[in-house]
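Q:
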Amino acid sequence: MSKLKKFLVNTLWANYLTEDEYNLILSKSNIRKHKEGSYIFHEGDIVDHWIGVIEGIVKLGSISKNGKVVAFTYVSDGGWFGEGSLLKQEPRKYDAVALIDTEIACIPIDLFMSILDKNISFNRYLIDQLNERLGQLITMLESERTSNPEVRVSECLSLLYNKQLYPSTDVQLNISQEEIAQLCGLSRQHVNGALHSLEKRGWLKVNFGSVTIIEIGKLKKSSRLTFCRSQGAGCL
DNA sequence: ACATTAAATTCGA
DNA sequence: TCGAATTTAATGT
Numbered sequence: 000m001s002k003l004k005k006f007l008v009n010t011l012w013a014n015y016l017t018e019d020e021y022n023l024i025l026s027k028s029n030i031r032k033h034k035e036g037s038y039i040f041h042e043g044d045i046v047d048h049w050i051g052v053i054e055g056i057v058k059l060g061s062i063s064k065n066g067k068v069v070a071f072t073y074v075s076d077g078g079w080f081g082e083g084s085l086l087k088q089e090p091r092k093y094d095a096v097a098l099i100d101t102e103i104a105c106i107p108i109d110l111f112m113s114i115l116d117k118n119i120s121f122n123r124y125l126i127d128q129l130n131e132r133l134g135q136l137i138t139m140l141e142s143e144r145t146s147n148p149e150v151r152v153s154e155c156l157s158l159l160y161n162k163q164l165y166p167s168t169d170v171q172l173n174i175s176q177e178e179i180a181q182l183c184g185l186s187r188q189h190v191n192g193a194l195h196s197l198e199k200r201g202w203l204k205v206n207f208g209s210v211t212i213i214e215i216g217k218l219k220k221s222s223r224l225t226f227c228r229s230q231g232a233g234c235l
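If you're matching positions, the first sequence starts at 0 in numbering that gives the first Met the number 0 and goes up one per residue.
1) Would DSSP call residue 202 helix, strand or coil?
2) Grab me the residues of residue 163's own chain with a C-beta within less than 7 Å of its C-beta, minus the 5 sequence neighbours each way, in chain order.
3) When you compare each of 88, 61, 94 to residue 236 by their alpha carbons, which one comes out closest?
4) With 16 as the cutoff for other CB atoms within 10 Å, does residue 0 come out buried or exposed?
5) Quick one: is residue 178 buried, meaning 16 or more other Cβ sit within 10 Å of its Cβ, or exposed?
6) Roughly how many angstroms lie between the CA atoms of residue 19 and residue 3, to the nearest whole one?
7) Quick one: give me the first and last residue of the beta strand (DSSP E) that residue 29 is part of.
8) Got a sec? Which residues, its chain only, sit under 8 Å from residue 248 by beta carbon, not counting five neighbours each side?
9) For residue 70, which residues of its own chain have a beta-carbon under 8 Å away from its beta-carbon, when the five flanking residues on both sides are left out?
10) For residue 77, does the count of other Cβ atoms within 10 angstroms reach 16, so buried, or fall short, so exposed?
11) Grab me the residues of residue 160's own chain with a C-beta within less than 6 Å of its C-beta, minus the 5 sequence neighbours each way, in chain order.
12) Considering only DSSP beta bridges, list what residue 48 is partnered with.
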């Protein structure tokens, strides 16, 4: 079995394809390897593929005018991204960087569009995907405006545990505190502090260069308890 | 911002 | 090819 075929077996939307569509995907898509630190595409690039992560981690983000790095999200094994620009036929809105050595599957835009034109289930899948992204965006916006660092870090990390968008995010997140800071929009110092409070609660463990999630449910729920903030620490 | 520590890489046998 | 020495990266305060 080809590598692509093996990958598609575990890909939800691939089950919705007709046999013809499936075979087209197999014959027209290609697999690419990206070394750690290399760009998969840049902001402003012409869109030519829908991209799935076979193995690795991809950071989606950009660098603002004043040089600040913003990470929108991290996509790992089994996640698909870039459908937004694909649907709108507009240039990429952000950079995609391989954070570690990464292997990706690329579906050509023509094929993506032709399946989109015919296949209702595939459309449904994409609506779900876009809806999840929208939901996450709102969560992050709310979190950013109302929460303390501890809650914001919980929020940002929990978002990565989303079955639709990131089917197989591991409990061990191999990203540095610096990267988490870019994701939450906090300074590294604040992230460091927040991670340690969360560790004290026993919800995660901080290691060198990684974080191990222990109580994903607690992290997800913490967002609701934002208002405890003013009563000081330890009230969650 | 600076000090500390873990990890990765280099180098010499 | 092993491990000590050095450099680099990440963490802690």
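From the three backbone atoms N, C-alpha and C, an ideal C-beta is built for every residue, glycine too. Please read these numbers as outputs of a predicted model, since none were measured by experiment.
A: Checking against the coordinates, here is how it stands:
1) On the first sequence, residue 202 is found 203 positions in, with the first residue counted as 1. DSSP places residue 202 outside both helix and strand once states are collapsed to three, so it counts as coil.
2) In the first sequence, counting from the first residue as 1, residue 163 sits at position 164. Closer than 7 Å at the Cβ level, and outside the excluded window around residue 163, lie 127, 128, 131.
3) The question about residue 236 has no answer, for the chain in this structure spans 0 to 235.
4) Taking the first residue of the first sequence as position 1, residue 0 is located at position 1. Exposed: under 16 other Cβ atoms inside 10 Å.
5) Here residue 178 refers to the residue found at position 179 of the first sequence. Result: buried.
6) Locating residue 19 in the first sequence gives position 20, counting from the first residue. Locating residue 3 in the first sequence gives position 4, counting from the first residue. The C-alpha of residue 19 lies about 16 Å from the C-alpha of residue 3.
7) Position 30 of the first sequence, counted from the start, is the residue given in the question as residue 29. Segment 29-33, the beta strand (DSSP E) holding residue 29.
8) No statement about residue 248 is possible, as the shown extent of the chain runs from 0 to 235 and does not include it.
9) For the purposes of this step, residue 70 is taken as residue 71 along the first sequence, with counting starting at 1. Counting only residues of its own chain and dropping the five nearest sequence neighbours on each side, residue 70 has a CB closer than 8 Å to the CB of 58, 59, 60, 178, 181, 182.
10) As a position in the first sequence, residue 77 is number 78, starting the count at 1. Result: buried.
11) What you label residue 160 is simply residue 161 of the first sequence in a count that begins at 1. Within the same chain, Cβ atoms closer than 6 Å to the Cβ of residue 160 are found at 168, 215, the five residues on either side in sequence being excluded.
12) Position 49 of the first sequence, counted from the start, is the residue given in the question as residue 48. BP columns for residue 48 point to 107.
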